[in-house]
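J.: Chains Z and R, in that order, are what the protein sequence lines are.
Using the working numbering, the letters of the first sequence correspond one by one to residues 1 to 366.
Using the working numbering, the letters of the second sequence correspond one by one to residues 1001 to 1513.
Glycine is no exception: its CB is placed at the ideal position from the N, C-alpha and C atoms.
Sharing a structure below in structure tokens format, with a few things to ask.
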Amino acid sequence: MRPIERDELEPLATGAWILGTGGGGSPYLSYLNMCNLYADGSQVNLMDPADLADDALVAVVSNMGAPLVGQERLSDPAFAAKPVRMMEEYLGRRFDAVMSVEIGGGNAFQPLLVGAVTGLPVVDADAMGRAYPEAQMTSFAIADLPMFPLTLADIRDNEVIVARAASWKWMERISRKVCTEVGSIAATCKAPRSGAEVKAHGILYTTTQAIALGREVRRARRAHEDPVAAILTAANGKLLFRGKIADVQRRTTEGFLRGTARMEGIDDDRGIRFEVAFQNEYAVGWRDGRVVVTTPDLICLLDSVSGEAIGTESLRYGQRVSVIALPAPAILRTPKGIAHVGPRAFGHDTDYVTVFDDADPTEQRS
Amino acid sequence: MRRIGIDVGGTNTDAVLIDGNLVLVAVKTATTADVLGGVRTALSKLLAETASEQGRRVAAVVIGTTHFTNAVIERRALQRVGALRIGLPASASLPPFVDWPEDLAALVRGQVHMVAGGHEYDGRAIVPLDVGAIRDAARRMADAGLTAVGVTSVFSPLTPECEREAERILAEEIPNANITLSHELGRIGLLERENVTLLNACLQDLAHETVAAFTEALRGSGLSAPLFLTQNDGTIMRAEAASRFPVWSFASGPTNSMRGAAFLSGLNDAVVVDVGGTTSDIGYLKGGFPREANAAVAIGGVRTLFRMPDLLSIGLGGGTEVSADGVHIGPRSVGFRLLEKGLVFGGDTLTATDIACAAGRVDLGQRTRVAGLPSGLVTRSLARMGDMIAEGVDRMKTEAGDVPLLAVGGGSFLIPDQVEGCNQVIRVEHHAVANAVGAAIAQVSGEVDQIFSNVTRDQAIAAAQTEAEGRAVAAGAKRGSLKLVEMEDIPLSYLPGDARRVRVRMIGDIGSD
């Protein structure tokens, strides 16, 4: 256990936005909240998952809803902590620690907000190692752990407990419906996990990874080095393409933002076309018409100059971007993992294509 | 149609008189501390060079100014503001001014009030509006002598009712209140919209004084033409609107410069390379307007959602230092000290300007002082500079094929006659007053950025277009001349009812039908 320092918050925001692979919502507002909390004397502890007792009780939190609504109804720590208190009441037991369901995007900060209000330590882990749109796309779902109960709160006095659900997909459907009804934004506490479950099935050390990634971007910028190259080195990533956005097409179906972005190459990639398809997050990449990368590999579009991640909602014609891939956590790359989060889970009729050597799939990113 | 364009910059005040496609007269004067003096001088110089009968037939006078941006950046002439946020119980932990630089917040933050109210994205009320709390806040602001108030309500760009109701109450309680409502300024994004609202509120006194001074200068010159100010997007607003919404002028400088270059060259689609003393700014003109950058833009350290021209800055200008072997160009520059440091000016530093003089591209200072430079060095460094420009142009290009390049700025002689990826290099006449020309030719726009749900895509776009037309006409556009210049619709994730955000911009000429 160690305290998270004030000067780690900004790198965490930068790193988490990169790991969001285009989705997950910008961490900016939650980051601002944490700055305020630290200015008022709060400090949050980061806990090594190895230090969790097997029978420890861990809250898995997320801010659920439409990123756009989050830009008007702003993130708030007291609101983030509400469903955690509800869950403790419902279970008749106190939590020992809190963790995020996804490290990618704004939810990287959700357990920090809860930790600052409740004093609970934040486990250095999540259940995706990136961002994904739905509940069944977590390492806990892939491991067939129970998906209930779930608590959900809005800013008014509405509190909902989903006591049971028939499957992860049912849990997703029911909680999404409630979330929409309260204005497409809600704070949730997912099915509680034991320390043993987190250690066996969580994606470990992702908070540390996000901070390290953000630090590298900032260091490279200060040193006038190429931040994209720094990210590749820090996260064992691969550069897939450098170019400019030539066209973006979007549509919504079933509440998801889907679409494609077409890019024209510059520098070494001059004359080459690259396309990425997204469903909230980037899912598949084609180089001159051939699939070269798919989810669960992390496909990130970065501003070629600043190294800042570009979300699927802010893609615009003419942006100069670098497309990179970062290795996915091992559990997502197992056959079962690919069934949950591979390209077919996003409606693409193609097998999983990775740009990484699969020689050692047990290797854990850290 | 004759129009006068005036650019009030930090150093110079330039004025031009244009008629159709012709620049009839162009003058340059020094900007004065009171602004009024410089504008008055520029106008009288301009009119002195014009037959008076011609001068009075001017259809419009358009001023572009960095005055309000500079006030924020330099933290001067700002007034204290009362901030009213409507949206509790949401967003309580991030109050107004939360992400402002402390020095600016200390100058501007008068009082902060947060009350219950606001709407959902679909128009339902979040909770009932707390009118009692608004009246109480209004009385406390009145007691403290605050007259400038910024009001921001959750999802007000979609449902402005709460802000309108607050305005009514504030006006009842605060004598001479100057109220800025966020939905009149902004887009979705509560914090950024609120920031712009508060910036606008703190500039109210300065805006009223400045616009009054402009009007006085105009009348003093015997001109009866209507006065407009240019906005960030290269279009104009009436003087009355400018005194209410000074923030709309924030980024008009680079926009006017690029638009002026387009006009002077007669080209609407081109890459513009503006070579200054230390850097070259490369921008892209599409349909006569600069392509806009995507990122959030900070003004004086405050995050906003203004759209600014997308500019790529590269380290090549007239004062850029050149290594003795001609291999390294910059990034160091002697900047504005070129006139003492450059070789041709009697200094001891080899600069890009010296190379251009040695090559005969331009005749400045004493050319004999660079006559002895090895020709290999001159050729090598010129070629390298040409490559730097070509690389920058390529980075900004968004389509295959060659484009014309417009060369502007004091150091534009560094741009070679042939640039890879460009089919021609056009050296623009009058480029030193491109800003004032950009102001003179500006058109009127109306913009809408809204979320629509439970209607078809076509219905949403049509509704947005009608609203944008109405706004353009209200801003002084001739209805028959309106054209759709930008249309973007983005479906929104996780929202029911086929929700989509539609942004539409219409542009037309000044006038009435």
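(1) What's the gap between the Cα of R:N1268 and the Cα of R:K1483?
(2) Report yes if the CB atom of R:M1487 is closer than 8 Å to the CB atom of R:V1504, and no otherwise.
(3) Under the rule that 16 or more other beta-carbon atoms within 10 Å means buried, what is R:A1144, buried or exposed?
(4) Here's the rule I'm using: 16 or more other beta-carbon atoms within 10 Å means buried, otherwise exposed. How should R:N1435 be labelled?
(5) Report the neighbours of Z:P77 on chain R: residues whose CB is nearer than 9 Å to its CB, in chain order.
(6) Suppose only complete runs of 4+ residues qualify. What are the alpha helix (DSSP H) ranges in the segment 1056-1095 of chain R, listed by chain order?
(7) If we define contact as Cβ-Cβ less than 8 Å, is Z:I155 a contact residue for chain R?
(8) If contact is defined by three or more beta carbon pairs under 8 Å, each pair taking one atom from either stretch, is the segment 1456-1466 of chain R in contact with the segment 1285-1300 of chain R?
(9) Which word fits R:T1368, buried or exposed, when buried means at least 16 other C-beta atoms lie within 10 angstroms of its C-beta?
(10) Relative to the C-alpha of Z:N450, which candidate in Z:R215, Z:E308, Z:E313, Z:A186 has its C-alpha closest?
(11) Do we get a CB-CB distance below 8 Å when we pair Z:G41 with the residues of chain R?
(12) What are the boundary residues of the alpha helix (DSSP H) that R:S1265 is part of?
(13) From R:S1249 to R:V1062, what does the alpha carbon distance come to, in whole angstroms?
(14) Please compile the residues from chain Z whose C-beta is within a distance smaller than 8 Å of the C-beta of R:L1104.
(15) For R:R1135, tell me which candidate among R:A1171, R:I1461, R:V1035 has the shortest Cα-Cα distance.
(16) Would you kindly report the start and end of the unbroken beta strand (DSSP E) that includes Z:N45?
(17) Short check: CB of R:N1195 to CB of R:L1185, under 8 Å?
(18) Have a look at Z:A359 and Z:A135 and give me their C-alpha separation to the nearest angstrom.
(19) For Z:P361, which residues of its own chain have a beta-carbon under 6 Å away from its beta-carbon, when the five flanking residues on both sides are left out?
(20) Any idea what DSSP makes of Z:K412, helix, strand or coil?
(21) Bridge partners of R:M1487, per DSSP?
(22) Please classify Z:R2: is it buried, with 16 or more other beta-carbons within 10 angstroms of its beta-carbon, or exposed?
(23) Under DSSP, the alpha helix (DSSP H) around Z:Q209 begins and ends at which residues?
(24) Pull up the distance between the alpha-carbon of R:A1217 and that of R:V1149, whole angstroms please.
(25) Within 8 Å of any Cβ in chain Z, is that where the Cβ of R:I1282 sits?
(26) In its own chain, which residues sit with a C-beta less than 7 Å from the C-beta of R:H1208, not counting the 5 before and 5 after it?
(27) On the DSSP bridge assignment, give the partners of Z:E275 in chain order.
(28) Going by DSSP, name the residue or residues bridged to R:E1292.
(29) Rounded to whole angstroms, what's the CA-CA distance from Z:T295 to R:G1330? Just pull it up for me.
(30) Given this structure, state the Cα-to-Cα distance separating R:A1083 from R:F1306, to the nearest angstrom.
(31) Strictly under 8 Å for the Cβ-Cβ distance: is R:A1090 near chain Z by that measure?
(32) Please list, in chain order, the chain Z residues whose beta carbon lies closer than 8 Å to that of R:F1155.
(33) What three-state label does DSSP hand R:E1216 in the structure shown?
(34) Going by DSSP, name the residue or residues bridged to Z:G243.
(35) Does the beta carbon of R:L1190 come closer than 8 Å to any beta carbon on chain Z?
(36) Just to make sure I have the definition right: I need the residues of chain Z whose C-beta is within less than 7 Å of the C-beta of R:E1120. Which are they?
T.: With the given structure in hand:
(1) 15 Å
(2) yes
(3) So R:A1144 ends up on the exposed side.
(4) Burial call: buried.
(5) S1093
(6) 1067-1073
(7) yes
(8) no
(9) exposed
(10) Outside the displayed range of chain Z (1 to 366) lies residue 450 of chain Z, so it cannot be described from this structure.
(11) no
(12) 1252-1265
(13) 12 Å
(14) Those do not exist, as R:L1104 stays about 16 Å from chain Z at its closest Cβ, beyond 8 Å.
(15) R:A1171
(16) 45-47
(17) Contact: no.
(18) For Z:A359, the predicted structure reports a pLDDT of 49, less than 50, and the residue's modelled location is therefore unreliable. A value from the coordinates is still provided. Computed Cα separation, rounded: 29 Å.
(19) With a pLDDT of 45 at Z:P361, under the threshold of 50, the modelled position of that residue is not reliable, and the figure given next carries that caveat. Correct list, in chain order: A330, R333.
(20) Only positions 1 to 366 of chain Z appear in the structure, and residue 412 of chain Z is not among them; the question remains open.
(21) R:V1504
(22) exposed
(23) Z:Q209 -> alpha helix (DSSP H) spans 206-222.
(24) In this structure, the alpha-carbon of R:A1217 lies about 29 Å from that of R:V1149.
(25) No, no contact with chain Z.
(26) S1243
(27) According to the DSSP secondary-structure assignment, Z:E275 is paired through a beta bridge with Z:R262, Z:W286.
(28) R:P1309
(29) 43 Å
(30) Rounded to whole angstroms, R:A1083 and R:F1306 show a C-alpha spacing of 20 Å.
(31) yes
(32) E72
(33) helix
(34) Z:G243 pairs with Z:G265, Z:V321.
(35) yes
(36) G183
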